[in-house]
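Residue 78 in my numbering sits at position 78 of the sequence shown, and the numbers go up by one each step.
We put the beta carbon where it would ideally sit given N, CA and C, even for glycine.
Let me begin by presenting the structure, written as structure tokens, before commenting on it.
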Amino acid sequence: MSKTIVVVGATGEMGSRVCRLIRRLAPTALLVGTNRSGRGHAELPIHQLEVADREGMAALLTTADLVINAVGPYTYDPAPLVHAAISSRCHYADLSEQLAFVERVREVGEQRAAAKAGVLVLPGCSTVPGLVDVLAQRWQGDSEVAGLRVFLSMGSRNPVTRALLSSLLQPIGRKGPSGRWFDKLVAHEVLDGRELYFGPYPVPFSNGQVRLGQRLLPIHFHMGFDRRALNRMLALAAPMLGRLSPRWVERFASIALPVAKLARNLGTERGILSVVAEDADGRERGRTEVIAETAGLDIPALPAAWLTQALVREGWAAAPGVRSLSRVIDAQQAAVALVEAGYAVQIR
Ligand SMILES: NC(=O)c1ccc[n+]([C@@H]2O[C@H](COP(=O)([O-])OP(=O)(O)OC[C@H]3O[C@@H](n4cnc5c(N)ncnc54)[C@H](OP(=O)(O)O)[C@@H]3O)[C@@H](O)[C@H]2O)c1
């Protein structure tokens, strides 16, 4: 029997990518979208529904197998949607990179006994934390690995939306455990020998730790753009951004959006995700790099399509309950799927 997938925020930048990739990877899945404005979509029916409308969502999800929440920025309470999914016995996933959001989804999933209801609850089913967690599992059996460093370089020619810009700017300049986010740039040499620049950025893993088998290891995240000047500008703006309230950062993102769109002309589409394992002395033990020459913005949308593919193929995506992406796909399968999608994956 064909599966029904509801994409919440299907008309957005990420939501429409998720829909396109599901069509490609799981063509038998029946796609239904929602948004708040009622704006239509050329290829799927759209229901006009507020993400916080628990009853409306529950009614829609009764006949669905999986709901993918692509409504960003992820600064609202996900509880109504997660409740609606569990009460309708519909699996739930989102693309959030916000730790508070991810933790709240997990909390509601546990409170509402998702496992008992036979429902899979998977927050952060995207690049970070999802794909990073999956790629890190490669070192599960290596007891010498004592921590991980992740570097994400984004191509500044990629499309930019207010939600993306606002999500990206929110943490910049705010206080982290060791200084302010993105206040200093660090250099990281990627496998093709180029030196790229990154700023420290919050990692959406609880307590800054990633689980590798029985061990919890520290994980540090660095974010940057292909253009060094853009990273410099962000580092310079960090003290000012850190003083703004989240609402003002959203307003700032709206004002800065036309400038960001213009800056696209100067950038490239090249994106790199570099996941580095280190020993206790900080020496590199190995790394996995994913390189996107083009279409890098499809990568955060791919894991939701993999999840749909698993659901369509196997009937169940994974054991029900609150899970992370590494319970659905392993590091090797992810590398193969990325190569099939047209990206380069280098393993050292
Ligand atoms: N974890 C990762 O690695 C990663 C990577 C990339 C992006 N992301 C996240 O993806 C998020 C999505 O960004 P985007 O660029 O796709 O945003 P976007 O283009 O603004 O799309 C948002 C979608 O949600 C709908 N929507 C907005 N508010 C809603 C509400 N209250 N109720 C129901 N629907 C609503 C919008 O439709 P209408 O406006 O027509 O209602 C639209 O369809 C970003 O915030 C970012 O955090 C995560």
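Whole-angstrom C-beta distance between residue j and residue i, which should lie under 8 Å
{"i": "Lys-116", "j": "Leu-66", "result": "At roughly 18 Å, the Cβ-Cβ gap does not stay under 8 Å, so Lys-116 and Leu-66 are not in contact."}
{"i": "Ala-305", "j": "Val-328", "result": "That pair is no contact at about 12 Å."}
{"i": "Val-160", "j": "Arg-232", "result": "At roughly 18 Å, the Cβ-Cβ gap does not stay under 8 Å, so Val-160 and Arg-232 are not in contact."}
{"i": "Leu-241", "j": "Gly-224", "result": "No, Leu-241 and Gly-224 are not in contact; Cβ-Cβ is about 16 Å, not under 8 Å."}
{"i": "Leu-164", "j": "Gly-199", "result": "Not a contact, Cβ separation roughly 17 Å."}
{"i": "Ala-58", "j": "Ala-84", "result": "4 Å"}
{"i": "Glu-269", "j": "Gly-155", "result": "4 Å"}
{"i": "Ile-86", "j": "Arg-112", "result": "4 Å"}
{"i": "Pro-218", "j": "Gly-147", "result": "4 Å"}
{"i": "Arg-162", "j": "Leu-257", "result": "5 Å"}
{"i": "Leu-21", "j": "Ala-334", "result": "Between Ala-334 and Leu-21 the Cβ distance is about 14 Å, and since that is not below 8 Å, they are no contact."}
{"i": "Asp-298", "j": "Gln-137", "result": "Not confirmed; about 22 Å, so no contact."}
Residue i to residue j span [Cα, whole Å]
{"i": "Gly-179", "j": "Ile-5", "result": "42 Å"}
{"i": "Trp-139", "j": "Arg-215", "result": "11 Å"}
{"i": "Leu-31", "j": "Leu-169", "result": "32 Å"}
{"i": "Cys-227", "j": "His-220", "result": "Residue identity differs from the one stated: residue 227 is Arg in this sequence, not Cys. Using only the alpha carbons, I get a separation of about 22 Å."}
{"i": "Ser-167", "j": "Pro-73", "result": "6 Å"}
{"i": "Arg-104", "j": "Pro-78", "result": "7 Å"}
{"i": "Gly-9", "j": "Pro-239", "result": "33 Å"}
{"i": "Thr-34", "j": "Ser-16", "result": "11 Å"}
{"i": "Ala-29", "j": "Lys-261", "result": "34 Å"}
{"i": "Arg-36", "j": "Leu-25", "result": "27 Å"}
{"i": "Arg-285", "j": "Ala-277", "result": "5 Å"}
{"i": "Ser-274", "j": "Asp-281", "result": "19 Å"}
{"i": "Thr-62", "j": "Glu-50", "result": "17 Å"}
{"i": "Gly-173", "j": "Val-203", "result": "15 Å"}
{"i": "Asp-183", "j": "Asp-279", "result": "26 Å"}
{"i": "Thr-308", "j": "Val-108", "result": "22 Å"}
{"i": "Ala-114", "j": "Ala-229", "result": "46 Å"}
{"i": "Arg-89", "j": "Ala-319", "result": "14 Å"}
{"i": "Arg-222", "j": "Tyr-201", "result": "Checking the sequence shown, residue 222 turns out to be His, not Arg. For His-222 and Tyr-201, the distance between alpha carbons rounds to 5 Å."}
{"i": "Gly-38", "j": "Ala-52", "result": "15 Å"}
{"i": "Ile-68", "j": "Arg-283", "result": "39 Å"}
{"i": "Gly-271", "j": "Met-1", "result": "38 Å"}
{"i": "Phe-252", "j": "Leu-266", "result": "21 Å"}
{"i": "Ser-206", "j": "Glu-250", "result": "25 Å"}
DSSP-derived helix/strand/coil call for residue i
{"i": "Arg-138", "result": "helix"}
{"i": "Asp-94", "result": "strand"}
{"i": "Glu-269", "result": "coil"}
{"i": "Gln-332", "result": "helix"}
{"i": "Val-71", "result": "coil"}
{"i": "His-47", "result": "strand"}
{"i": "Ile-347", "result": "strand"}
{"i": "Pro-300", "result": "helix"}
{"i": "Gly-12", "result": "coil"}
{"i": "Gln-309", "result": "helix"}
{"i": "His-83", "result": "helix"}
{"i": "Gln-214", "result": "coil"}
{"i": "Gly-130", "result": "helix"}
{"i": "Met-240", "result": "helix"}
{"i": "Gly-109", "result": "helix"}
{"i": "Phe-205", "result": "coil"}
{"i": "Arg-194", "result": "coil"}
{"i": "Met-1", "result": "coil"}
{"i": "Val-145", "result": "coil"}
{"i": "Glu-103", "result": "helix"}
{"i": "Val-32", "result": "strand"}
{"i": "Pro-258", "result": "helix"}
Buried or exposed (CB count within 10 angstroms, at least 16 for buried), residue i
{"i": "Leu-236", "result": "exposed"}
{"i": "Gln-98", "result": "buried"}
{"i": "Val-145", "result": "buried"}
{"i": "Val-71", "result": "buried"}
{"i": "Thr-11", "result": "buried"}
{"i": "Val-336", "result": "exposed"}
{"i": "Gln-48", "result": "exposed"}
{"i": "Arg-194", "result": "exposed"}
{"i": "Arg-106", "result": "buried"}
{"i": "Glu-340", "result": "exposed"}
{"i": "Pro-177", "result": "exposed"}
{"i": "Glu-314", "result": "exposed"}
{"i": "Pro-171", "result": "buried"}
{"i": "Val-18", "result": "buried"}
{"i": "Pro-27", "result": "exposed"}
{"i": "Val-186", "result": "exposed"}
(message) Using a Cβ distance threshold of 8 Å, determine whether the region 119-135 contacts the region 84-94, with at least three qualifying pairs required.
(response) yes
(message) Using a Cβ distance threshold of 8 Å, determine whether the region 123-130 contacts the region 237-250, with at least three qualifying pairs required.
(response) no
(message) Closer than 8 Å is the cut-off here; do at least three beta carbon pairs connect the region 35-50 with the region 317-336?
(response) no
(message) If contact is defined by three or more beta carbon pairs under 8 Å, each pair taking one atom from either stretch, is the region 276-292 in contact with the region 337-348?
(response) yes
(message) With three or more C-beta pairs closer than 8 Å as the rule, is the region 200-211 touching the region 131-150?
(response) yes
(request) Give a yes or no on contact between the region 188-203 and the region 145-165, applying the rule of three or more CB pairs nearer than 8 Å. (result) yes
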